[in-house]
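For the sequence shown, the positions run -26 to -1, 1 to 425 when mature numbering (1 follows the signal peptide of the UniProt record, and there is no 0) is used. A short worksheet on the structure shown next.
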Amino acid sequence: MALRRVLAIGGFLVLMLALATGVVPAAPLATLEGRAVLPADTFAAGPPAGGQIDPTQQTNGRKPPFQGQPVQGFSAVLDAGGGAYWAMPDNGFGAKANSGDFLLRVYKIRPDFKTASGGSGAVAVESFIGLRDPDKRIPFKLTNDTAAERLLTGADFDIESVRFDDRGDLWFGDEFGPWLLHTDATGKVLEAPIPLLGVKAAENATITQGETANLPGSGGFEGMAASSDGRTLYPMLEKALKEDADQRRRFIYTFDVASKRYIGQPRQYRVEEPAHAIGDLTQLDDNRWLVIERDNNQGAAAKFKQIFLLDVRRVGADGFLEKRQIIDLLAIGDPNRLSLPARAGDLGLGETFSFPFQTIEDVLPLGGGRLLILNDNNYPFSAGRNPGLLDDNEMIIVRVSGLDEGGQMPGLPNTGVGGRERRWAAGLLAAALLALLLATWMGTRRRPIED
């Protein structure tokens, strides 16, 4: 009987450990409900692009310059109504030096999602908004500085996020400054770029001789949430400040649109590893935000591509926003096999679908627990879906169990700490439970076994 008591206690302790660490087997939290693909080699009208790409760089069989403007590198997405979306490319080819012929635009696209009830899975490109500065609001020299329209390029700004304000104007979060760039609904710049005081990236055009940048390259405003009334923006840095002793810290700022100034103290978000990057930040409602956190790998090497839910009302004792994982983008259920058929060499298609891309930078709540997620395919460089083929622009609709406007936050029990801290806590708890079990067993050794 004492032996059975030990086994029962052991089973109970194992169950408690599982509950405490969130490893109890459960149904998948995320399910693929729709998928549409825009082929990598999709081009829009405009001058040739890619002529400044290093000829020694691997371009997956594509030879620049390209005849037209690649429709690629989506880094932000907004609802355009009627089943269409505004998809915004970033600066083009990933660097200031190679993107001077890539025009900054926001494309209106219309996906016909492949779902369990049908759909072709194709995406149509309908129109675009082109960013330009004909009124010379931008005080520093532009690539097209002397042209009448002064079309903005990827050598001028690296736009990574966009939101509408309460008047219908557009606000872009940029990485080169980092700046906030304000345009009207047609893409015309309305005022000088607004800097983030005390922070400058290496690509900042206003850095003076002897001045040192304190933000790494490609570390500026990556995601940007907004209030439901469009009067407040919340831009988020992709990387840590160079001088920050905590390289897992990412700052989220508050910008008041009416006064055009930053207000209050920045919020703090902690990534799981210092090398992790922010992919996007968007609002689920006025209190809850979604953030994409990722590693910098692709294909089989990709290990961390996750979406977390934040509640701005919940801040841990350490001052960081509490976070809760809601989607592992490398493990999404596809019970209807919407991702098939697969090509030879494709990764992550079938019953367990994955998004194994280096950069995943777009998430948009659709309501009813559904999220629209897009990859940034880094044309012509990335090959995450298939090591032998250039990545397409993929759009997926994922349903998350329990994620609804005003519902409970799904996922692991809310401990107020991230995955790394949970692992430490789990280890300590496991050690304590093991010690208790061992002590119970040793106690039975001192008495005769009853039966």
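By construction, the Cβ of each residue, glycine as well, lies at the ideal position given by its N, Cα and C atoms.
Which same chain residues, not among the five before or five after phenylalanine 17, have their C-beta less than 8 Å away from its C-beta?
As a first step, residue 17 must be located in the sequence shown, where it is residue number 43. Around phenylalanine 17, the same chain offers Phe40, Gln41, Gly42, Gln43, Pro44, Val45 as residues with beta carbons nearer than 8 Å, after the five sequence neighbours per side are excluded.
Quick one: residues in its chain with C-beta nearer than 6 Å to the C-beta of glycine 385, no 5 flanking neighbours on either side, listed in chain order?
Counted from its first residue, the sequence shown places residue 385 at position 411. For glycine 385, the predicted structure reports a pLDDT of 37, less than 50, and the residue's modelled location is therefore unreliable. A value from the coordinates is still provided. So the list reads Arg298, Gln299, Ile300, once near-sequence residues are dropped.
Three-state class that DSSP yields for glycine 273 in the structure shown
The residue you call residue 273 lines up with position 299 of the sequence shown. If DSSP states are grouped into helix, strand and coil, glycine 273 belongs with the helices.
Which residues share a DSSP beta bridge with leucine 52?
If you number the sequence shown from 1, residue 52 lands on position 78. In the DSSP assignment, the residues bridged to leucine 52 are Trp60.
Considering only residues of the same chain and omitting the five flanking positions on each side of arginine 222, which have a CB-CB separation below 6 Å?
Numbered from 1 along the sequence shown, position 248 holds the residue referred to as residue 222. Around arginine 222: Arg244, Val245, Pro248.
Skipping 5 residues on each side, what residues in its chain have a beta carbon closer than 8 Å to that of valine 231?
As a first step, residue 231 is located in the sequence shown; it is residue number 257 there, counting from the start. Answer for valine 231: Asp139, Asp140, Trp145, Gly204, Arg205, Thr206, Leu207, listed in chain order.
On the premise that serine 135 lies in contact with glycine 197, defined as a C-beta separation below 8 Å, what is that separation, rounded to the nearest angstrom?
To locate residue 197, count along the sequence shown from 1; it is residue 223. To locate residue 135, count along the sequence shown from 1; it is residue 161. Confirmed, Cβ separation roughly 5 Å.
On the DSSP letters alone, give me the boundaries of the beta strand (DSSP E) that serine 135 sits inside.
Taking the first residue of the sequence shown as position 1, residue 135 is located at position 161. 133 to 138 is the span of the beta strand (DSSP E), which, as asked, contains serine 135.
Roughly how many whole angstroms lie between the Cα atoms of tyrosine 236 and proline 152?
Numbered from 1 along the sequence shown, position 262 holds the residue referred to as residue 236. Numbered from 1 along the sequence shown, position 178 holds the residue referred to as residue 152. Straight-line Cα distance between these residues: approximately 13 Å.
Output the distance between the C-alpha atoms of glycine 238 and aspartate 336, rounded to the nearest integer angstrom.
The residue you call residue 238 lines up with position 264 of the sequence shown. The residue you call residue 336 lines up with position 362 of the sequence shown. Approximately 27 Å between the Cα atoms of the pair.
Could you give the residue range of the beta strand (DSSP E) that holds tyrosine 81?
Within the sequence shown, the letter at position 107 stands for residue 81. 79 to 86 is the span of the beta strand (DSSP E), which, as asked, contains tyrosine 81.
Below 8 Å, can you find three or more Cβ-Cβ pairs linking the region 322 to 342 to the region 354 to 373?
Enough Cβ pairs lie closer than 8 Å, so yes.
Please determine, among Pro167, Thr256, Glu185, the residue with the shortest C-alpha to C-alpha distance to serine 202.
Start at 1 with the first residue of the sequence shown, and residue 202 comes out as number 228. Among Pro167, Thr256, Glu185, the Cα nearest to that of serine 202 is on Thr256.
Determine, using beta-carbon pairs with one atom in the region 90 to 99 and one in the region 211 to 227, whether at least three such pairs fall under 8 Å.
Here the region 90 to 99 does not lie against the region 211 to 227, with fewer than 3 beta-carbon pairs under 8 Å apart.
Can you tell me which of the three DSSP states proline 209 falls into?
For the purposes of this step, residue 209 is taken as residue 235 along the sequence shown, with counting starting at 1. Here proline 209 sits in strand by DSSP.
Which residues share a DSSP beta bridge with aspartate 336?
Indexing the sequence shown from 1 puts residue 336 at position 362. Beta-bridge annotation (DSSP): aspartate 336 is paired with Leu348.
Cβ-based neighbour list, asparagine 310, same chain, cut-off 6 Å, excluding 5 preceding and 5 following
What you label residue 310 is simply residue 336 of the sequence shown in a count that begins at 1. The answer, listed in chain order, is Ala90.
Determine whether the beta carbon atoms of leucine 164 and aspartate 143 lie at a separation below 9 Å.
Your numbering for residue 164 matches position 190 in the sequence shown. Your numbering for residue 143 matches position 169 in the sequence shown. Here leucine 164 is near aspartate 143, since their CB atoms are less than 9 Å apart.
What is the DSSP secondary structure of arginine 373, counted as helix, strand or coil?
As a first step, residue 373 must be located in the sequence shown, where it is residue number 399. When secondary structure is reduced to three states using DSSP, arginine 373 falls in the strand class.
Where glutamate 296 falls, given that 16 or more other Cβ within 10 Å makes a residue buried
Looking up residue 296 in the sequence shown gives position 322. Glutamate 296 is buried by the Cβ-count criterion.
In terms of residues, what are the limits of the beta strand (DSSP E) holding lysine 279?
Position 305 of the sequence shown, counting from 1, holds the residue named residue 279. From DSSP, the beta strand (DSSP E) with lysine 279 extends over 279 to 289.
Around the C-beta of lysine 162, are 16 or more other C-beta atoms found within 10 angstroms, so that it is buried, or is it exposed?
By one-based count along the sequence shown, residue 162 stands at place 188. In summary, lysine 162 is buried, with 16 or more beta-carbon neighbours lying within 10 Å of its beta-carbon over all protein chains present.
Using the rule of at least 16 other Cβ atoms within 10 Å of the residue's Cβ for burial, across every protein chain shown, is serine 73 buried or exposed?
Against the sequence shown, residue 73 aligns to sequence position 99. Under a 10 Å Cβ-count criterion, serine 73 is classified as buried, with 16 or more other Cβ atoms of the shown protein chains found around its own Cβ.
Identify, in the order they occur along the chain, each residue of the same chain with its Cβ nearer than 6 Å to the Cβ of isoleucine 83, setting aside the five sequence neighbours on each side.
Translated into positions along the sequence shown, residue 83 becomes position 109. So the qualifying residues of the chain are Tyr59, Ala61, Val97, Val99.
Look at the alpha carbon of isoleucine 306 and the alpha carbon of aspartate 109, and state the distance between them as a whole number of angstroms.
For the purposes of this step, residue 306 is identified with residue 332 of the sequence shown, where counting begins at 1. For the purposes of this step, residue 109 is identified with residue 135 of the sequence shown, where counting begins at 1. So the two alpha carbons sit approximately 48 Å from each other.
Give the secondary structure of alanine 14 by DSSP, where H, G and I count as helix, E and B as strand, and everything else as coil.
Numbered from 1 along the sequence shown, position 40 holds the residue referred to as residue 14. Under the three-state reduction of DSSP output, alanine 14 falls in the coil class, being neither helix nor strand.
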